[in-house]
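**Student:** Residue numbers (my numbering), protein chains in the order written: chain U, 1 to 261; chain X, 262 to 909.
All residues carry an ideal CB built from backbone N, CA and C; glycine is no exception.
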């Protein structure tokens with residue numbers, strides 16, 4: 001992926017530690033994400049990958065350390081505030097409204113961009129109508145981008161899993177984020193669905209210039225599409241670098257493959 | 262009366278500038294392009310192409326789905342006296358080499374990254390190919406190939422150029438003669454390589470108008486363009502007749518949304534090959550099988566009534582009062598909602614052609630009130646040769662010769678056609694042209710058939726495929742493979758069939774099961790299966806197919822001329838016949854000689870009396886990679902029947 005020029009640091013994670021009671025989920029993690037790159041966080045089960053994402057996202061408040069986005073440091077921020085700063089995410093177990101259509105689900109991603117109040121929206125008049133139209137244009141472009149036109153009006157619960165993942169991605173993209181956090185975007189997918197999803201992630205990065213941080217288990221995918229990789233194991237960072245560097249790192253090999261003691 | 266396509270465009274743009282010409286669903290909304298906007302777009306494209314150096318008589322390749330800007334590009338090429346050559350968008354890159362080299366193509370206008378990639382892959386073999394323009398730039402941002410640019414850039418350049426050369430476009434359009442070449446279509450050909458069929462403005466427009474007069478088409482009709490533009494049928498229905506009549510052509514949002522778009526548009530004039538009608542009926546059948554019992558009961562009752570009185574109603578015959586009431590109730594409860602679900606609510610005229618259509622299928626659509634008819638024609642005849650008049654529709658004929666057409670049957674039984682719509686020539690192939698087009702103007706269709714007592718044409722088979730059984734109990738009997746195959750394909754469980762028997766002592770066949778229909782059948786019986794190959798060899802499935810074959814045999818026994826070609830043995834193939842493997846043409850006709858060669862070991866097994874045969878086949882995936890499928894196929898013997906006539 002040499003074609004992508006890495007920009008300035010957009011997201012910086014400094015010395016983050018997170019504990020649940022006596023259990024240390026993360027200890028002293030630092031890494032940075034440069035503008036326009038695809039950064040991945042890998043590690044065995046329980047390594048603290050999702051916790052890391054939840055810290056960036058504002059779901060968890062780390063006991064120690066700071067996260068800064070474009071130079072603005074935050075320690076105690078709510079998920080909504082983080083979202084307003086331009087960070088969107090998808091979820092490992094999908095966070096979609098199963099009974100609502102694909103269109104409406106992606107429309108919910110525009111919530112932050114809406115300024116009219118509930119009453120105006122209820123009668124859908126004047127400003128509310130204009131606002132819905134302009135937001136609908138953005139959503140329709142995403143539907144076109146993700147090639148899900150045929151399912152626009154289908155309730156999400158009736159779609160196969162791979163397509164639901166795509167809708168989840170669409171919902172996150174509807175926020176027009178600067179940084180997109182993807183929590184295991186390929187989990188549970190077959191080979192073809194993985195190829196499609198990889199294609200979409202690369203296209204998002206390319207077409208919208210979105211910076212992407214993703215957690216993934218499938219090493220082939222990580223090595224193929226990511227610029228740089230952070231490796232976590234038991235809450236500690238054990239590797240950081242390009243896919244080739246990480247692959248050659250002995251600590252990483254032992255964490256993944258085990259070593260003879 | 263004689264004109265050209267660009268002139269027709271300008272006439273529409275002058276006479277009714279704001280009327281819709283094309284619609285395309287994009288971003289969830291049907292976007293309309295008026296005749297005036299279209300004419301402007303064509304002028305800009307023509308300016309761009311002229312600036313790029315396109316000369317009269319040169320060929321421009323156009324590849325993609327039905328997209329308004331690709332249609333405009335074809336018109337722009339024609340406006341400059343150049344010849345658009347539409348190619349099949351689902352063909353592999355290798356299949357583009359011959360047309361590009363053969364027609365010395367320098368310019369290509371394509372839909373998207375997929376097509377660009379294919380052209381770049383073969384660029385080294387097509388030395389003349391200099392410029393490629395794409396409609397949809399997605400994924401192409403980082404391409405820096407020389408000569409590759411977007412249609413937007415071409416249009417912008419063309420606008421500037423047209424501004425600097427006022428009157429150029431009008432002069433170019435005026436300069437064209439109706440006898441100039443308008444388009445070239447590469448026929449897939451069930452044998453040998455593709456041939457470019459050359460048509461002039463004259464031949465295409467004459468046939469388009471004759472067809473339009475036959476069915477009284479007007480500017481108020483609506484058409485959905487969803488079949489490959491490289492196929493002449495699509496070109497006639499949504500290009501030649503579109504410009505001749507001035508109706509609206511609607512382009513679907515994507516290939517996946519065709520069924521939804523069909524419902525939204527509700528076309529009044531519809532065309533589909535039989536497999537599309539088959540597919541729709543299969544969907545309806547499967548959904549009805551899954552419906553609740555009361556609904557199923559209602560559906561079955563209403564359909565029984567429709568089958569009894571519907572066809573007569575469509576033929577304009579008087580019905581008994583009770584039947585009329587019953588049909589009206591059925592219409593309110595079942596037929597009208599069903600037509601709506603299928604997107605056929607407003608269909609006034611629907612055609613099917615290209616392959617024989619099963620009687621059950623044909624009757625089904627007509628009985629629910631859809632005016633489905635058959636036509637006969639080919640790329641070489643600009644489609645319209647025979648059409649079925651509204652109230653004289655039958656399953657086993659293809660209609661009467663329409664205005665301008667003369668039909669004769671040669672001594673050998675081959676159908677000959679003389680019409681103003683015949684091809685000018687096969688491109689750069691005078692030998693092939695002379696073979697089909699005599700100096701006296703008669704075109705040899707290659708079909709065996711005859712005109713029946715009421716003047717309708719009946720086609721039996723491809724003339725070259727009709728053979729003889731040699732030796733055995735039926736020595737000398739007529740062998741018409743396609744006739745047999747079609748009978749088999751009329752069963753929903755059979756997708757494709759290939760019959761062998763010419764020069765042999767009995768008839769044997771390959772069968773392809775329909776994965777969806779047989780899969781559903783198996784699920785209903787709790788019959789587990791792992792894959793297509795696995796399902797195809799289940800004893801219960803072989804038994805199912807055997808029943809179908811025996812029914813065909815019983816049917817053939819009643820036909821005095823064809824009683825001798827009942828099927829003695831068959832096997833079910835382990836993979837679907839596929840155009841990517843060269844087994845079918847792009848229009849999905851079986852290439853029987855190729856199949857006989859490729860599966861020679863299976864054919865020998867059929868005739869040598871073995872009960873099973875192991876086979877390994879290379880398959881080509883959509884992305885061009887290859888793999889292998891291996892299986893051991895069981896061969897099944899089938900009961901044949903004594904001819905009904907002689908048995909007594």
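Counting along the chain, where does the beta strand (DSSP E) carrying residue 211(X) start and finish?
**Tutor:** Nothing in the structure corresponds to residue 211(X), since chain X is present only between 262 and 909.
**Student:** Taking the straight line between their C-alpha atoms, what separation do you get for residue 69(U) and residue 51(U)?
**Tutor:** On the first chain, position 69 is the one that residue 69(U) refers to. On the first chain, position 51 is the one that residue 51(U) refers to. Distance between the alpha carbons of residue 69(U) and residue 51(U) is about 18 Å.
**Student:** Got a sec: which bits of the segment 499-519 of chain X sit with their beta carbon under 7 Å from any beta carbon on chain U, in order along the chain?
**Tutor:** Within the segment 499-519 of chain X, the residues whose Cβ lies closer than 7 Å to some Cβ of chain U are 514, 515, 517 and 518, listed in chain order.
**Student:** Using three-state DSSP, classify residue 861(X) as helix, strand or coil.
**Tutor:** Locating residue 861(X) in the second chain gives position 600, counting from the first residue. Residue 861(X) falls in the helix class under three-state DSSP.
**Student:** Is there a C-beta anywhere in chain U that falls below 7 Å from the one on residue 751(X)?
**Tutor:** For this step, residue 751(X) is matched to residue 490 along the second chain. It does not: the Cβ of residue 751(X) has no partner Cβ on chain U nearer than 7 Å.
**Student:** Going along the chain, which residues of its own chain have a beta-carbon closer than 6 Å to the beta-carbon of residue 249(U), five neighbours each way excluded?
**Tutor:** Position 249 of the first chain, counted from the first residue, corresponds to residue 249(U). Excluding sequence neighbours, residue 249(U) sits near 239.
**Student:** Since residue 229(U) and residue 194(U) should fall inside the 8 Å C-beta cutoff, what is the C-beta to C-beta distance between them, to a whole number of angstroms?
**Tutor:** On the first chain, position 229 is the one that residue 229(U) refers to. On the first chain, position 194 is the one that residue 194(U) refers to. No, residue 229(U) and residue 194(U) are not in contact; Cβ-Cβ is about 18 Å, not under 8 Å.
**Student:** Provide the residue span of the beta strand (DSSP E) that contains residue 54(U), from first to last.
**Tutor:** Translated into positions along the first chain, residue 54(U) becomes position 54. Not the beta strand (DSSP E): residue 54(U) falls in the alpha helix (DSSP H), residues 49-57.
**Student:** Name the chain U residues whose beta carbon is nearer than 8 Å to that of residue 288(X)?
**Tutor:** As a first step, residue 288(X) must be located in the second chain, where it is residue number 27. In chain order: 137, 140, 141, 143 and 144.
**Student:** Can you tell me where the alpha helix (DSSP H) with residue 335(X) in it begins and where it stops?
**Tutor:** Counted from its first residue, the second chain places residue 335(X) at position 74. Where residue 335(X) is concerned, the enclosing alpha helix (DSSP H) stretches over 329-340.
**Student:** Would you kindly check if the distance between the Cβ of residue 831(X) and the Cβ of residue 843(X) is under 7 Å?
**Tutor:** Along the second chain, one-based indexing puts residue 843(X) at 582. Along the second chain, one-based indexing puts residue 831(X) at 570. No, the pair does not count as a contact, with Cβ atoms beyond the cut-off.
**Student:** Using a Cβ-Cβ distance cut-off of 7 Å, determine whether residue 195(U) contacts chain X.
**Tutor:** Sequence index remark: in the first chain, residue 195(U) carries index 195 (1-based). Cβ-Cβ to chain X under 7 Å: no for residue 195(U).
**Student:** Bridge partners for residue 42(U) per DSSP, in chain order?
**Tutor:** Taking the first residue of the first chain as position 1, residue 42(U) is located at position 42. According to DSSP, which records beta bridges pairwise, residue 42(U) is partnered with 231(U).
**Student:** In the structure shown, what three-state DSSP assignment does residue 347(X) receive?
**Tutor:** Locating residue 347(X) in the second chain gives position 86, where the first residue counts as 1. Reduced to three states, the DSSP call for residue 347(X) is strand.
**Student:** At the 7 Å Cβ level, is residue 150(U) part of the contact set with chain X, yes or no?
**Tutor:** On the first chain, residue 150(U) is found 150 positions in, with the first residue counted as 1. Cβ-Cβ to chain X under 7 Å: yes for residue 150(U).
**Student:** What are the start and end residues of each continuous beta strand (DSSP E) run of 3 or more residues lying completely inside the segment 643-676 of chain X, in chain order?
**Tutor:** As far as the segment 643-676 of chain X is concerned, its whole beta strand (DSSP E) runs of at least 3 residues are 667-670.
**Student:** Please classify residue 629(X): does DSSP put it in a helix, a strand, or coil?
**Tutor:** The sequence position of residue 629(X) within the second chain is 368, counting from 1. Residue 629(X): coil per DSSP, three-state reduction.
**Student:** Considering only the alpha carbon of each residue, which of 8(U), 59(U), 7(U) and 63(U) lies closest to residue 22(U)?
**Tutor:** For the purposes of this step, residue 22(U) is taken as the residue at position 22 of the first chain. Comparing Cα-Cα distances from residue 22(U) to each of 8(U), 59(U), 7(U) and 63(U), the minimum goes to 63(U).
**Student:** Would you mind working out which of 755(X), 620(X), 633(X) and 637(X) sits nearest residue 612(X), comparing C-alpha positions?
**Tutor:** Your numbering for residue 612(X) matches position 351 in the second chain. Minimum Cα distance to residue 612(X) is reached at 633(X).
**Student:** Can you list the residues of chain U that residue 402(X) reaches, using a CB-CB cut of under 9 Å?
**Tutor:** Here residue 402(X) corresponds to residue number 141 of the second chain, with the count starting at 1. Within chain U, the residues near residue 402(X) are 206 and 207.
**Student:** Are residue 575(X) and residue 627(X) closer than 7 Å when you measure CB to CB?
**Tutor:** The count along the second chain starts at 1 and reaches residue 575(X) at position 314. The count along the second chain starts at 1 and reaches residue 627(X) at position 366. Yes.
**Student:** Compile a chain-ordered list of the residues in the segment 454-488 of chain X whose CB is closer than 9 Å to at least one CB of chain U.
**Tutor:** Residues passing the 9 Å Cβ filter: none.
**Student:** Is the beta carbon of residue 777(X) less than 7 Å from the beta carbon of residue 760(X)?
**Tutor:** For the purposes of this step, residue 777(X) is taken as residue 516 along the second chain, with counting starting at 1. For the purposes of this step, residue 760(X) is taken as residue 499 along the second chain, with counting starting at 1. Going by C-beta atoms, residue 777(X) is not nearer than 7 Å to residue 760(X).
**Student:** Using the Cα positions of residue 704(X) and residue 874(X), report the straight-line distance between them to the nearest angstrom.
**Tutor:** Residue numbering aside, residue 704(X) sits at position 443 when the second chain is read from its first letter. Residue numbering aside, residue 874(X) sits at position 613 when the second chain is read from its first letter. Each residue's alpha carbon lies about 44 Å from the other.
**Student:** Who pairs with residue 815(X) in a beta bridge, going by DSSP?
**Tutor:** Within the second chain, residue 815(X) is the residue found at index 554, counting from 1. BP columns for residue 815(X) are empty, so no partner.
**Student:** I'd like to know whether the C-beta atoms of residue 269(X) and residue 300(X) end up nearer to each other than 7 Å.
**Tutor:** What you label residue 269(X) is simply residue 8 of the second chain in a count that begins at 1. What you label residue 300(X) is simply residue 39 of the second chain in a count that begins at 1. No.
**Student:** On the DSSP letters alone, give me the boundaries of the beta strand (DSSP E) that residue 549(X) sits inside.
**Tutor:** In the second chain, the residue the question calls residue 549(X) occupies position 288. No beta strand (DSSP E) holds residue 549(X); the alpha helix (DSSP H) holding it covers 535-550.
**Student:** Exposed or buried, residue 15(U), counting other C-beta atoms within 10 Å across all chains shown (16 or more means buried)?
**Tutor:** The count along the first chain starts at 1 and reaches residue 15(U) at position 15. Result: exposed.
**Student:** Report, in whole angstroms, the separation of the C-beta atoms of residue 327(X) and residue 547(X), which I expect to be a contact under 8 Å.
**Tutor:** The sequence position of residue 327(X) within the second chain is 66, counting from 1. The sequence position of residue 547(X) within the second chain is 286, counting from 1. Going by Cβ atoms, the distance from residue 327(X) to residue 547(X) rounds to 28 Å, so no, they are not a contact pair.
**Student:** Under DSSP, the beta strand (DSSP E) around residue 281(X) begins and ends at which residues?
**Tutor:** Locating residue 281(X) in the second chain gives position 20, where the first residue counts as 1. Where residue 281(X) is concerned, the enclosing beta strand (DSSP E) stretches over 281-287.
**Student:** Taking C-alpha atoms, which residue in 652(X), 810(X) and 656(X) lies nearest to residue 621(X)?
**Tutor:** The residue labelled residue 621(X) in the question sits at position 360 within the second chain. Comparing Cα positions, the closest option is 656(X).
**Student:** Could you say which of 442(X), 432(X), 317(X) and 264(X) lies nearest to residue 685(X) if we only look at CA atoms?
**Tutor:** Here residue 685(X) corresponds to residue number 424 of the second chain, with the count starting at 1. Measuring from the Cα of residue 685(X), the nearest candidate turns out to be 442(X).
**Student:** Between which two residues does the beta strand (DSSP E) carrying residue 410(X) extend?
**Tutor:** Position 149 of the second chain, counted from the start, is the residue given in the question as residue 410(X). Per DSSP, residue 410(X) belongs to the beta strand (DSSP E) from 409-411.
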